[in-house]
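There are 2 protein chains.
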Amino acid sequence: MSSTPPRRAARKAPSERAAEIAEAARELALERGLAAITLRSVAARVGVASGLVAHYQPNVDALVADTFTTIVAAETAEVAALLARLPDPPQRLALLLDTLLDGARLDVTAVWVEAWTLGRRNEALAASVRSQMDAWQAVLQDVVEAGIAAGQFETPDAASVAWQILGMIDGLNAQALVRWDGVNDRGVHLARAVEGMVGAARGALVPGGLPQA
Amino acid sequence: MSSTPPRRAARKAPSERAAEIAEAARELALERGLAAITLRSVAARVGVASGLVAHYQPNVDALVADTFTTIVAAETAEVAALLARLPDPPQRLALLLDTLLDGARLDVTAVWVEAWTLGRRNEALAASVRSQMDAWQAVLQDVVEAGIAAGQFETPDAASVAWQILGMIDGLNAQALVRWDGVNDRGVHLARAVEGMVGAARGALVPGGLPQA
DNA sequence: CCTGTTATTGATCAAGTGATCAATAGAGTT
DNA sequence: AACTCTATTGATCACTTGATCAATAACAGG
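Keeping their order, the protein sequence lines are chains H and G. Going by my numbering, the first residue of the first sequence is number 1, and it counts up by one from there. Going by my numbering, the first residue of the second sequence is number 1001, and it counts up by one from there.
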């Protein structure tokens, strides 16, 4: 048994150490924001010297950008997988709205919002943000187009509608980040708004399936 | 004619100097973000020693919070004044949506987004953000309630709908900050979404007044 | 058991931050 | 003209940041 932790960190395979660093950065970003990712903070969490973190990354900006991508891509994949189980486009869209508004991923929302700002001074991050936004938009566009093909939705521009829905979701989540109270029935309001945009039947997207209040 | 600027800044009345500092901070925030507000950057813009800026503020966090309030309150007042000219609630709401989506205030949007993140580490700023969000919501709620009173809107919860519209606008603007292209007819899509939420007649809010595409 | 490769260290540098405060000097008052 | 008040200075401190790199030590292959 050792009282004080070992002076020197165990030597590990580069891939393993890189994974540890990525994981530490991910946790830091979710807990304290992307701005909390520094050479020293990440190193401390992994239990290595700061120089080692620098050794595994060209610079901190890249680590921040990679961390953002890791976090956000996982969310997109998770939600997309959830949707894949449902066959009916209106059901898929309803689940999508419901899931993204449930407040279970507010830490990810915080990362999104921070990335929008940090992207101004971190070109690599800005590129990641654009790429991940495209990924989200693609997921939404898929659902909208499937609904159109099935004759359940009707809109002349699925791509634009998908962008619009994405923007609304982002805004409502960002709002929830700052202000929880005061807003009732977020899901129902959004569902009605989206029904109008995609040309779905009234009530087709309301989570509980209740057509009217 | 003097080649080099005077060593010492002219002595001014405290209120005047304070105004200069506030204005410099405002410009910096709009041009380079709230994070660009530092004792030295503000001092340099005013043409004064850094110590003087500190002399006029308890700390930098307060200056950032005040600057945010100044910028955002001016926007709210400006738009509210615009609306006041129109008597008809649907027209007011249409103008509101149209104005906020026209991209003329993207610099203010950037300040909003940054404040959401910075508020995490600046309690004074967080309080300002909440307060200014409330102010915006009140403007929107007013319009919605006027429409209900006039029998042109129909919704059981004007306050929640106002919050919802605000969130959507914020999200769409934040999106525009990062990605301009790909989205067509933002105004029309949003107008339709809002029509659904406030229970207005189809086409009542479309900017050009065209009921259908 | 050597020996070469390289993962790891930690001190170091330059740059930037907020904050403090004794010293200075400008402007109004007497 | 002397004086008083205070706006203004700028050096200074303690701290944090990203980055660099010579030195160290652990592991693998011969």
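Heads up, the beta-carbon is just placed ideally off N, CA and C, and yes, glycines get one too.
Under a three-way DSSP split, which group does residue i fall into?
| i | result |
| --- | --- |
| Gly119 (chain H) | coil |
| Thr109 (chain H) | helix |
| Met1197 (chain G) | helix |
| Arg1032 (chain G) | helix |
| Leu190 (chain H) | helix |
| Val1144 (chain G) | helix |
| Thr37 (chain H) | Correcting the residue identity first, residue 37 (chain H) is Ile in this sequence and not Thr. Ile37 (chain H): coil per DSSP, three-state reduction. |
| Arg202 (chain H) | coil |
| Gln1152 (chain G) | coil |
| Arg1007 (chain G) | coil |
| Gln1057 (chain G) | coil |
With respect to the alpha helix (DSSP H) encompassing residue i, which residues constitute its N-terminal and C-terminal limits?
| i | result |
| --- | --- |
| Val48 (chain H) | Neither: Val48 (chain H) is in no alpha helix (DSSP H) and is coded neither H nor E. |
| Arg92 (chain H) | Pro89 to Leu100 |
| Trp1163 (chain G) | Ala1158 to Val1178 |
| Thr220 (chain H) | Outside the shown range of chain H (1 to 213) lies residue 220 (chain H), about which nothing can therefore be said. |
Would you mind sorting residue i into buried or exposed? The rule is 16 or more other CB atoms within 10 Å of its CB.
| i | result |
| --- | --- |
| Ala1013 (chain G) | exposed |
| Asp976 (chain G) | Outside the shown range of chain G (1001 to 1213) lies residue 976 (chain G), about which nothing can therefore be said. |
| Ser128 (chain H) | buried |
| Ala1245 (chain G) | Outside the shown range of chain G, which is 1001 to 1213, sits residue 1245 (chain G), and nothing can be said about it. |
| Arg1121 (chain G) | exposed |
| Glu195 (chain H) | buried |
| Trp136 (chain H) | buried |
| His1055 (chain G) | exposed |
| Ala193 (chain H) | buried |
| Gly1147 (chain G) | buried |
| Ser3 (chain H) | Residue confidence for Ser3 (chain H) is low, a pLDDT of 42 falling below 50, so the modelled location carries little weight; the figure read from the coordinates is stated next. Classification for Ser3 (chain H): exposed. |
Compare the Cα-Cα distances from residue i to each of the options and report the closest residue.
| i | options | result |
| --- | --- | --- |
| Leu1063 (chain G) | G:Asp1088, G:Ala1081 and G:Ala1035 | G:Ala1035 |
| Gly1199 (chain G) | G:Gln1137, G:Ala1150, G:Val1183 and G:Trp1180 | G:Ala1150 |
| Pro1025 (chain G) | G:Arg1007, G:Ala1009, G:Ala1044 and G:Arg1011 | Note on residue identity: the sequence assigns Ala, not Pro, to residue 1025 (chain G). Of the candidates G:Arg1007, G:Ala1009, G:Ala1044 and G:Arg1011, the one whose C-alpha sits nearest the C-alpha of Ala1025 (chain G) is G:Ala1044. |
| Thr109 (chain H) | H:Ala191, H:Phe68 and H:Leu96 | H:Phe68 |
| Arg1040 (chain G) | G:Gly1033, G:Leu1205 and G:Gly1051 | G:Gly1051 |
| Leu1100 (chain G) | G:Glu1020, G:Ile1169, G:Glu1027 and G:Met1197 | G:Ile1169 |
| Arg32 (chain H) | H:Val111, H:Ser131, H:Leu190 and H:Leu177 | H:Val111 |
| Leu96 (chain H) | H:Arg130, H:Glu27 and H:Asp142 | H:Asp142 |
Using only the heavy atoms of the ligand SAM, determine whether one of them is closer than 8 angstroms to the beta carbon of residue i.
| i | result |
| --- | --- |
| Ala1049 (chain G) | You won't find the ligand SAM in this model; it holds no ligand whatsoever. |
> Does the stretch 153 to 160 of chain H come close enough to the stretch 1147 to 1165 of chain G to have 3 or more Cβ pairs within less than 8 angstroms?
Replying inline: No, the stretch 153 to 160 of chain H is not in contact with the stretch 1147 to 1165 of chain G.
> How do the stretch 1081 to 1088 of chain G and the stretch 1042 to 1061 of chain G stand: do at least 3 beta-carbon pairs fall below 8 angstroms, yes or no?
Replying inline: no
> Should the stretch 122 to 137 of chain H be regarded as contacting the stretch 1109 to 1127 of chain G, the criterion being three or more beta carbon pairs within less than 8 angstroms?
Replying inline: The stretch 122 to 137 of chain H, when compared against the stretch 1109 to 1127 of chain G, does not touch it at the 8 angstroms Cβ threshold.
> Is there contact between the stretch 1168 to 1179 of chain G and the stretch 1095 to 1109 of chain G, where contact requires at least three CB pairs shorter than 8 angstroms?
Replying inline: yes
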